[in-house]
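>
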Amino acid sequence: MKTLVLDEKQIDIAADILKNGGVVGIPTETVYGLAADALNGAAVAKIFRAKGRPMDNPLIVHIADFSDIRRFDLVREIPESAEALAKAFWPGPLTMIFKRTDAVPSEVSAGLDTVAIRFPSHPVAQAVIRAAGTPLAAPSANLSGSPSPTTARHVLNDMDGRIDAVLDGGASAVGVESTVITLAAGTPRVLRPGGVTVEMLREVLGEVDVDDAVLHQLAEGAEAASPGMKYKHYAPKANVILLKGSDRAYIDYVNAHAGDDVCALCCDEDLLDLKVKTVSLGRRGDYLTHARHLFDCLRRMDENKTVRTVYSRLPSTEGVGLAVYNRLIRAAGFEVIEL
Ligand code: AMP
Ligand code: MG
19 MKTLVLDEKQ IDIAADILKN GGVVGIPTET VYGLAADALN GAAVAKIFRA
69 KGRPMDNPLI VHIADFSDIR RFDLVREIPE SAEALAKAFW PGPLTMIFKR
119 TDAVPSEVSA GLDTVAIRFP SHPVAQAVIR AAGTPLAAPS ANLSGSPSPT
169 TARHVLNDMD GRIDAVLDGG ASAVGVESTV ITLAAGTPRV LRPGGVTVEM
219 LREVLGEVDV DDAVLHQLAE GAEAASPGMK YKHYAPKANV ILLKGSDRAY
269 IDYVNAHAGD DVCALCCDED LLDLKVKTVS LGRRGDYLTH ARHLFDCLRR
319 MDENKTVRTV YSRLPSTEGV GLAVYNRLIR AAGFEVIEL
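So the sequence shown is residues 19 to 357, counted in this note's numbering.
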């Protein structure tokens, strides 16, 4: 099967494929998603096969308006907190978890009694959901375990021949996956950090917890609130090592460990001082730009076949920095060297 490459004028073709139970890579503002009709269990099962995704890792359901939650009878109740968050951050990079109804196929919720829902802001994503006339289940459109795709080319690199089509809508603006917050029980809790920061959520809701798995490795055998957090993730083939220390200490350490197989995942201000291959995330402290570039940088490391070791700073946990931290610490298998 050859994968069709569609442009923004061919949204109807993508929608027809989706209506007929096919699987299409679609642009969103976070990362590219691998979409199928969320109400068709057999179609959703194809997503898991194409990605090689473990069946116990549930998918996010994408809608094109807040009212779609009721229209498609997806959840048992809509808490007030959800209405407040939707008003503040939808459409946008925030996923909310609700108690689900039986309208949600078990393939989507992976056996849980909850469903994750997002209303993306990307105009092409909205248009394709509307044209398909059904909510779309869509995880990131990468092979399971590899960095998420932020361009149609990234999707093709992983998925060519494995999916029906990819719809090219340009590079994703946020660059990391959505913030996931559960509203299904007790105090709202962030399960995955993303473009909507913990600070922003607290401004709307007051109290918001951050799940332990955001910053730390889950203990052996512990149950993950968000099953995706337990898998090795976002990893390039090279060995990623995080360094904790001052800017000078970072540069000195990398130069002391220079070699043909070493690459620094660094900032623009480091470029002149580093004596190894470099890939820059952007200017120091510009966490929004770091997030936008992160996955493309990790994929570029893999394209350079000689790179075996990647040295990066331990990111800040402030604002969108927390999302970059969460992805990089997993890419590094939680390995941090204190300088
Ligand atoms: P992806 O966007 O492909 O990275 O995957 C969606 C993320 O949302 C994964 O980390 C899932 O484990 C998480 N997720 C989806 N549905 C649920 C749910 N009902 N409860 C908890 N986490 C969920
Ligand atoms: Mg993913």
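No residue lacks a Cβ here, since even glycine has one placed at the ideal position from N, Cα and C.
Confirm the yes/no value for this check: CB of Glu125, any heavy atom of the ligand AMP, distance under 7 Å.
In the sequence shown, counting from the first residue as 1, residue 125 sits at position 107. No, since every heavy atom of the ligand AMP falls outside the 7 Å radius drawn around the Cβ of Glu125.
> Compute the beta-carbon to beta-carbon distance between Met114 and Ala102, rounded to the nearest angstrom, for a pair I have assumed lies under 8 Å.
The residue you call residue 114 lines up with position 96 of the sequence shown. The residue you call residue 102 lines up with position 84 of the sequence shown. That pair is no contact at about 11 Å.
> Helix, strand or coil: how does DSSP classify Arg118 here?
Residue mapping note: residue 118 aligns to position 100 of the sequence shown, counting from 1. Strand.
> Name, in chain order, the residues that DSSP records as bridge partners for Arg331.
Here residue 331 refers to the residue found at position 313 of the sequence shown. According to DSSP, Arg331 bridges with Leu261.
> Does the Cβ of Glu47 lie closer than 7 Å to at least one heavy atom of the ligand MG?
If you number the sequence shown from 1, residue 47 lands on position 29. No; taking the cut-off as 7 Å, the Cβ of Glu47 has no heavy atom of the ligand MG nearer than that.
> Does the ligand AMP have a heavy atom nearer than 7 Å to the CB of Pro138?
As a first step, residue 138 is located in the sequence shown; it is residue number 120 there, counting from the start. Every heavy atom of the ligand AMP is 7 Å or more from the Cβ of Pro138, so no.
> Just tell me which of Val49, Arg71, Leu77 and Arg207 has its CA closest to the CA of Asp55.
Along the sequence shown, one-based indexing puts residue 55 at 37. For Asp55, the nearest C-alpha among the options comes from Leu77.
> Any heavy atom of the ligand FAD inside 7 Å of the beta-carbon of Pro211?
The model depicted lacks the ligand FAD and carries the ligand AMP and the ligand MG instead.
> If I follow the unbroken alpha helix (DSSP H) through Arg88, where does it start and stop?
The residue labelled residue 88 in the question sits at position 70 within the sequence shown. Asp86 to Arg89 is the extent of the alpha helix (DSSP H) around Arg88.
> When DSSP labels each residue in this structure, what does His172 get in the three-state scheme?
Working through the sequence shown from its first residue, we reach residue 172 at position 154. Correct three-state label for His172: helix.
> Would Pro121 pass as a contact of Phe90 if the rule is Cβ separation under 8 Å?
Position 103 of the sequence shown holds residue 121. Position 72 of the sequence shown holds residue 90. First, the residue type needs correcting, since residue 121 is Ala and not Pro in the sequence shown. Yes, Cβ-Cβ distance for Ala121 and Phe90 is below 8 Å.
> For Arg310 and Ala191, which I take to be in contact (beta-carbon distance under 8 Å), what is that distance rounded to the nearest angstrom?
The sequence position of residue 310 within the sequence shown is 292, counting from 1. The sequence position of residue 191 within the sequence shown is 173, counting from 1. So it is a contact: roughly 7 Å between Cβ atoms.
> Could you please give me the residues that DSSP links to Lys295 through a beta bridge?
Here the question's residue 295 lines up with position 277 in the sequence shown. Answer is Cys281.
> Indicate whether Leu316 and Pro165 have their beta-carbon atoms separated by less than 8 Å.
Against the sequence shown, residue 316 aligns to sequence position 298. Against the sequence shown, residue 165 aligns to sequence position 147. Against a cut-off of 8 Å, the Cβ pair of Pro165 and Leu316 comes out as a contact.
> Please report the residue range of the beta strand (DSSP E) in which Asp55 lies.
Residue mapping note: residue 55 aligns to position 37 of the sequence shown, counting from 1. Here the beta strand (DSSP E) through Asp55 covers Gly51 to Asp55.
> Compute the Euclidean distance between the alpha carbons of Gly277 and Tyr329, then round it to the nearest angstrom.
As a first step, residue 277 is located in the sequence shown; it is residue number 259 there, counting from the start. As a first step, residue 329 is located in the sequence shown; it is residue number 311 there, counting from the start. Rounded to the nearest angstrom, the two C-alpha atoms are 12 Å apart.
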